[in-house]
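Engineer:
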Amino acid sequence: DIVMTQSPESLAVSLGERATINCKSSQSILYSSNKKNYLAWYQQKPGQPPKLLIYWASTRESGVPDRFSGSGSGTDFTLTISSLQAEDVTVYYCQQYYSSPPTFGQGTKLEIK
Amino acid sequence: EVRLLESGGGLVQPGGSLRLSCAASGFTFSIYAMSWVRQAPGKGLEWVSGTSASGVNTYYAESVKGRFTISRDNSKNTLYLQMNSLRAEDTAVYYCAKVPYCGGDCGWFDPWGQGTLVTVSS
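So the sequences go chain by chain: A and B. Residue numbering for the first sequence follows our numbering, starting at 1 and increasing by one per position. Residue numbering for the second sequence follows our numbering, starting at 1001 and increasing by one per position.
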C-alpha cells in the first residue's frame, strides 16, 4: 500500500497569513502516460464529513475559494491557503488514488496563532 | 442536489453483524462507482470497500476482507455494507462516498454522506 505522510501534524497560523500543509507519498503517484498526479485534498470540520477541495493535485473543486491551491508532483505535494480565514481552521487530509487501496494521510490540524 | 444518506449503524457486540445502507439521490446512481470510508473516533480516514457502477467488481481493505461485503441495488439507488464478525477496532463512523465518473481514472470521493456510527462493544 502507498503510505501518505502529512506534515506538520498541527499548524498554527495567524489570520490573513499563509498556511502550508505538506503531503508525501511513499512512492510516486505521477502516472507517466498522462502526466497526472493522483492526489486529492479534503477539508473536514468537526461533526461533518470530509469535503473535497482539490483533485489531480492542483485542480480546485467547483465552489472552493481560490485562496486554496495545490501543488507538487511525484511524491511531494503541498496544500496552500494564501490568506487564512477563521472558517479554514480545521483538519485537512490528502489522499492518493494512484493505486488500490486508496490511502489517506493522517491529517493536519490547522489552528489560529 | 446530490445526497447520500447512511443508516443502519448502532451498538453491536463483538462477533456480531450489522448491515449499513446508503440511499442515494440527485444523480444517476447506476453509472457511478461507490465506496465506504470509515473514521474511528478522533482518528483519520480509512477506505474500507468499493464497488464498480454495476456492482460486479468489488474491492476491500485487508482489514475487513472476508468479514465485510459491499453490494448495491441500482433499482433502489442504494449501497450496502454487510459487516460480520465485528471487532472493537471496527468502531467508527462509516461514510458512503461517490466516485466521479471519468473512465476509471478518478479515485477521489465526492460527495460524502453524513455518516453512521458503528460501535462494537460488549
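Note that the Cβ used here is the ideal one computed from N, Cα and C, for glycine as well.
Determine the chain B residues that contact A/Thr103 at a beta-carbon separation under 8 Å, and present them in chain order.
Structural biologist: The answer, in chain order, is Trp1047.
Engineer: Considering Cα atoms alone, identify which of B/Ser1122, B/Gly1113 and B/Ala1092 is closest to B/Val1099.
Structural biologist: When each option's Cα is compared against that of B/Val1099, the closest is B/Gly1113.
Engineer: May I ask you to list the residues that DSSP assigns as paired with B/Thr1028?
Structural biologist: In the DSSP output, where bridge partners are listed per residue, B/Thr1028 has none listed.
Engineer: Grouping DSSP H, G and I as helix and E and B as strand, with all else coil, what is A/Ala57?
Structural biologist: DSSP places A/Ala57 in coil when its eight states are reduced to three.
Engineer: Could you tell me the alpha carbon to alpha carbon distance between A/Leu52 and B/Pro1111, rounded to whole angstroms?
Structural biologist: Going from the Cα of A/Leu52 to the Cα of B/Pro1111 covers about 7 Å.
Engineer: Give the residues from the stretch 1030 to 1046 of chain B that approach chain A closer than 9 Å (Cβ to any Cβ), ordered along the chain.
Structural biologist: Against chain A - using a Cβ distance shorter than 9 Å - the residues of the stretch 1030 to 1046 of chain B are Ser1035, Val1037, Gln1039, Lys1043, Gly1044, Leu1045 and Glu1046.
Engineer: Which residue from B/Glu1001, B/Asn1084, B/Phe1029 and B/Leu1018 puts its Cα closest to that of B/Ser1007?
Structural biologist: Comparing Cα positions, the closest option is B/Leu1018.
Engineer: Please name the residue or residues paired with B/Gly1010 in a DSSP beta bridge.
Structural biologist: DSSP, once it has assigned bridges, lists B/Val1118 as partnering B/Gly1010.
Engineer: Check the Cβ of A/Tyr93 against every Cβ in chain B and list those closer than 9 Å, keeping chain order.
Structural biologist: Under the 9 Å cutoff, chain B gives Gly1044 and Leu1045.
Engineer: Should B/Asp1110 be flagged as near chain A, meaning a C-beta pair shorter than 7 Å?
Structural biologist: With 7 Å as the cut-off, B/Asp1110 counts as an interface residue toward chain A.
Engineer: Using 8 Å as the cut-off, can you tell me whether the stretch 1022 to 1031 of chain B makes contact with the stretch 36 to 48 of chain A, which would need three or more C-beta pairs spanning the two stretches below that distance?
Structural biologist: Taking 8 Å as the limit for Cβ pairs, the verdict is that the stretch 36 to 48 of chain A does not touch the stretch 1022 to 1031 of chain B.
Engineer: In its own chain, which residues sit with a C-beta less than 6 Å from the C-beta of B/Tyr1095, not counting the 5 before and 5 after it?
Structural biologist: These residues qualify, in order along the chain: Val1037, Trp1112, Gly1113 and Gly1115.
Engineer: Who are A/Leu30's beta bridge partners in DSSP?
Structural biologist: For A/Leu30, which the question treats as bridged, DSSP gives the partners A/Asn37.
Engineer: Rounded to the nearest angstrom, what separates B/Gly1104 and A/Ser58 at their Cα positions?
Structural biologist: Computed Cα separation, rounded: 19 Å.
Engineer: Quick check on B/Ala1033: does DSSP put it in helix, strand or coil?
Structural biologist: Residue state, collapsed to three classes: coil.
Engineer: Do we get a CB-CB distance below 7 Å when we pair A/Pro8 with the residues of chain B?
Structural biologist: Not closer than 7 Å to any Cβ of chain B, the Cβ of A/Pro8 fails to qualify, so no.
Engineer: Report the three-state DSSP secondary structure of A/Ala86 (helix, strand or coil).
Structural biologist: The answer is helix: DSSP assigns A/Ala86 an H, G or I state.
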